[in-house]
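Colleague: My questions all concern the structure below.
Residue numbers (my numbering), protein chains in the order written: chain D, 489 to 805; chain A, 5 to 406.
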């Protein structure tokens with residue numbers, strides 16, 4: 489009972505913190521955007537002053553900054569950030585981003601799965617391999633994703649598998665085959681990050697006394713690692729899940745552009761060039777909300793898994 | 005362990021070698037590649053590695069005296085403007101031979117295709133004589149490739165820039181005694197990019213700029229992080245909590261958004277780019293510095309400095325921060341590859357460095373446009389970037405193990 493109350497208290501405080509963080513991010517991006525040069529109504533040919541004034545009045549851009557801020561905040565709180573300033577014909581920002589969000593999220597999920605599989609497989613192989621040169625080779629292979637950026641890896645894989653071999657489509661997001669390359673690229677890059685976490689966890693756990701005891705009791709190494717050491721060494725992975733997913737989200741941003749996937753990144757880049765304030769703000773807040781939410785989940789998960797974290801030294805140290 | 009140390013040493017050597025190469029880019033441009041980074045060669049778009057080009061501004065000379073006789077058509081022992089202009093026209097008609105008369109587009113002008121070219125080749129034929137086809141067909145396979153045509157027109161490509169180089173007495177004409185031979189062709193060692201620019205020169209310059217950006221941006225973030233974390237750790241209490249909570253907030257925004265918004269606000273330009281990258285990467289460092297300064301504040305180092313009557317800021321900047329920086333060094337090293345990658349992503353979004361200076365990121369983006377024609381255009385910058393990043397990663401890891 490006491491445990492449950494402590495957990496609930498911890499969860500409440502973390503949720504409040506997350507909400508405050510989101511508010512701060514909203515405010516910051518709102519201010520940065522408004523002080524950036526340029527306006528959504530800059531066109532190739534300047535608009536007539538009265539047309540411009542009319543547009544600004546229609547979207548409330550002529551009101552004082554504080555009033556604009558409050559109405560924007562109210563819009564976001566009710567999940568309706570209003571229409572796009574540059575493309576009002578496309579409907580509200582929520583409609584505009586809905587489909588793309590689904591695609592981005594799906595890509596991120598596939599990338600995450602591939603990354604975990606890749607990182608875990610290589611980490612286990614490294615731990616189980618006996619010879620130093622095998623370990624060193626696996627370690628080097630796992631780091632490819634860290635040193636070859638997505639913008640090189642993507643076009644290279646497209647050239648090989650789409651253009652030369654013709655096995656996979658070069659881009660887009662139609663059909664299962666089109667998801668293979670983007671997910672593989674994302675998985676390769678973040679698999680390298682996950683590999684370091686898994687590998688570090690396995691190494692640390694293996695250095696403790698009890699695996700030695702189990703070995704002395706006659707447990708085979710393969711079984712020892714798979715059944716006993718691996719479950720005990722997942723803590724660094726779980727506690728790093730939040731930042732890792734944040735990296736995955738940002739990475740999927742680039743992957744979307746490399747493979748021409750109509751996800752959120754298209755809207756963001758267009759919107760920054762056009763100064764489409766509600767769209768920029770919506771995407772930034774959306775990503776931040778995802779990050780904060782994922783961090784929150786990872787944090788609560790770690791707390792639930794490891795009772796020590798609930799008492800005394802909590803997170804963020 | 006010994007194996008890892010050897011690996012570290014190899015990585016260090018590769019890193020130092022690369023940085024030296026980057027620093028030597030202007031020398032390489034003058035003595036090795038003979039191309040400048042922005043020089044476009046429209047006849048050589050996406051040429052493959054090893055293609056030879058028309059002579060550039062600072063060629064070497066082949067020293068063949070026969071060339072002078074062929075160029076000096078009136079036999080007065082001097083080369084004037086008129087003779088050079090004729091040669092230039094002849095060379096131009098030759099160079100378009102392949103583009104215009106290769107009827108079946110197989111990259112070779114054969115004997116059968118050649119007669120159609122004869123009228124257009126009149127200026128060149130006057131130079132090369134009746135057997136012009138055989139004279140150009142160096143490998144005697146009955147077909148002219150672009151390489152053979154370029155090679156054959158080498159002598160005719162003497163430009164006024166070259167005359168100025170050869171003309172030692174400055175009278176505007178070349179005498180026989182001033183002749184040092186026809187210009188040797190410069191080679192695109194790695195081929196060219198989609199605009200016909202020499203890849204090797206651009207990779208060297210890109211390496212230089214990327215290394216610069218990485219080091220400078222890392223320095224900015226290190227300074228910022230050290231100050232921020234130092235102040236937080238030194239003051240403690242609610243200031244510390246507020247400052248650290250600020251970092252948590254910034255952590256929740258994907259860095260690409262922050263950089264894009266910053267570049268949007270500051271405007272494009274190298275300095276703003278450095279600032280934008282530096283303003284994003286400092287947070288992990290600030291956390292480490294905060295912990296370290298907070299620890300040092302409880303030691304005798306702090307106490308004795310304060311007992312000497314030094315003001316607080318001086319104790320922090322002169323005494324606590326330098327000691328705190330030792331365990332922080334590996335983190336600072338890892339900031340360099342992070343900054344280099346950030347710049348590459350920004351270049352990909354069109355927010356990075358602007359022409360004429362290429363960074364490795366710009367080169368990757370350019371290279372991706374023409375991987376099919378010249379794979380080196382993507383592979384070379386990617387390889388250089390990989391070695392650079394791996395070197396810095398390895399360095400950071402080695403220092404944190406120590």
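We put the beta carbon where it would ideally sit given N, CA and C, even for glycine.
(1) List, in chain order, every chain A residue whose beta-carbon is nearer than 9 Å to that of residue 651 of chain D.
(2) Within the same chain, show all residues whose beta-carbon is closer than 6 Å to that of residue 631 of chain D, passing over the 5 residues directly before and after it, in chain order.
(3) To the nearest angstrom, how far is the alpha carbon of residue 538 of chain D from that of residue 752 of chain D?
(4) From residue 156 of chain A to residue 51 of chain A, what distance separates their C-alpha atoms?
(5) Give the range of the beta strand (DSSP E) segment to which residue 112 of chain A is assigned.
(6) Closer than 7 Å by beta-carbon distance: list the chain A residues that pair up with residue 475 of chain D, in chain order.
(7) Below 8 Å on the Cβ atoms is my guess for residue 733 of chain D versus residue 784 of chain D; work out the distance and round it to an integer in Å.
(8) Kindly confirm or deny that the segment 587 to 601 of chain D and the segment 741 to 755 of chain D touch, where touching means at least three C-beta pairs closer than 8 Å.
(9) Assign residue 559 of chain D to buried or exposed, taking buried as 16 or more other Cβ atoms, counted over all protein chains shown, within 10 Å of its Cβ.
(10) Skipping 5 residues on each side, what residues in its chain have a beta carbon closer than 7 Å to that of residue 323 of chain A?
(11) Compute the beta-carbon to beta-carbon distance between residue 557 of chain D and residue 518 of chain D, rounded to the nearest angstrom, for a pair I have assumed lies under 8 Å.
(12) Rounded to whole angstroms, what's the CA-CA distance from residue 520 of chain D to residue 251 of chain A? Just pull it up for me.
(13) Tell whether a beta-carbon distance below 8 Å holds between residue 611 of chain D and residue 686 of chain D.
(14) If you draw a straight line from the alpha carbon of residue 499 of chain D to that of residue 780 of chain D, how long is it in whole angstroms?
(15) For residue 397 of chain A, return the contacting residues in chain D, with the cut-off set at a CB-CB distance below 9 Å.
(16) Using only alpha-carbon positions, find the residue among A:187, A:147, A:33 that is nearest to residue 168 of chain A.
(17) Find the residues of chain A that neighbour residue 644 of chain D, judging by a C-beta separation of less than 9 Å, and give them in chain order.
(18) Rounded to whole angstroms, what's the CA-CA distance from residue 403 of chain A to residue 233 of chain A? Just pull it up for me.
(19) Given a threshold of 16 other Cβ atoms within 10 Å of its Cβ, counted over all protein chains shown, does residue 123 of chain A qualify as buried or as exposed?
(20) My output table needs one value for residue 202 of chain A: the three-state DSSP class, helix, strand or coil.
(21) Does residue 737 of chain D have its Cβ less than 8 Å from a Cβ in chain A?
(22) Using the beta-carbon count (16 or more within 10 Å), is residue 139 of chain A buried or exposed?
(23) Residues of chain A with CB closer than 8 Å to the CB of residue 453 of chain D, please, in chain order.
(24) For residue 253 of chain A, return the contacting residues in chain D, with the cut-off set at a CB-CB distance below 7 Å.
(25) Sorted by chain position, which residues of the same chain lie with C-beta nearer than 7 Å to residue 670 of chain D's C-beta, five sequence neighbours on each side aside?
(26) Look up residue 245 of chain A in the DSSP assignment and say whether it is helix, strand or coil.
(27) Could you list which residues in chain D have their beta carbon closer than 8 Å to that of residue 369 of chain A, in chain order?
(28) How far does the alpha helix (DSSP H) with residue 760 of chain D in it reach, from first residue to last?
(29) Which residues in the same chain have their Cβ closer than 7 Å to the Cβ of residue 68 of chain A, if we skip the five residues on either side of it in sequence?
(30) Quick check for students: name the residue ranges of the alpha helix (DSSP H) that lie wholly in the segment 679 to 761 of chain D, counting only runs of 4 or more.
Modeller: The answer reads as follows:
(1) 375, 376
(2) 680
(3) 34 Å
(4) 18 Å
(5) 112 to 114
(6) Because chain D here runs from 489 to 805, residue 475 of chain D falls outside it and cannot be looked at.
(7) Contact doesn't hold; Cβ gap of about 11 Å is too wide.
(8) yes
(9) exposed
(10) 305, 309
(11) 6 Å
(12) 17 Å
(13) yes
(14) 13 Å
(15) 631, 634, 635
(16) A:187
(17) 372, 375, 379, 382, 383, 386
(18) 21 Å
(19) exposed
(20) strand
(21) yes
(22) exposed
(23) As displayed, chain D neither begins before 489 nor continues past 805, which places residue 453 of chain D out of reach and without an answer.
(24) 509, 512, 513
(25) 595, 743, 747, 749
(26) helix
(27) 639
(28) 752 to 762
(29) 185, 186
(30) 697 to 704, 723 to 727, 729 to 746
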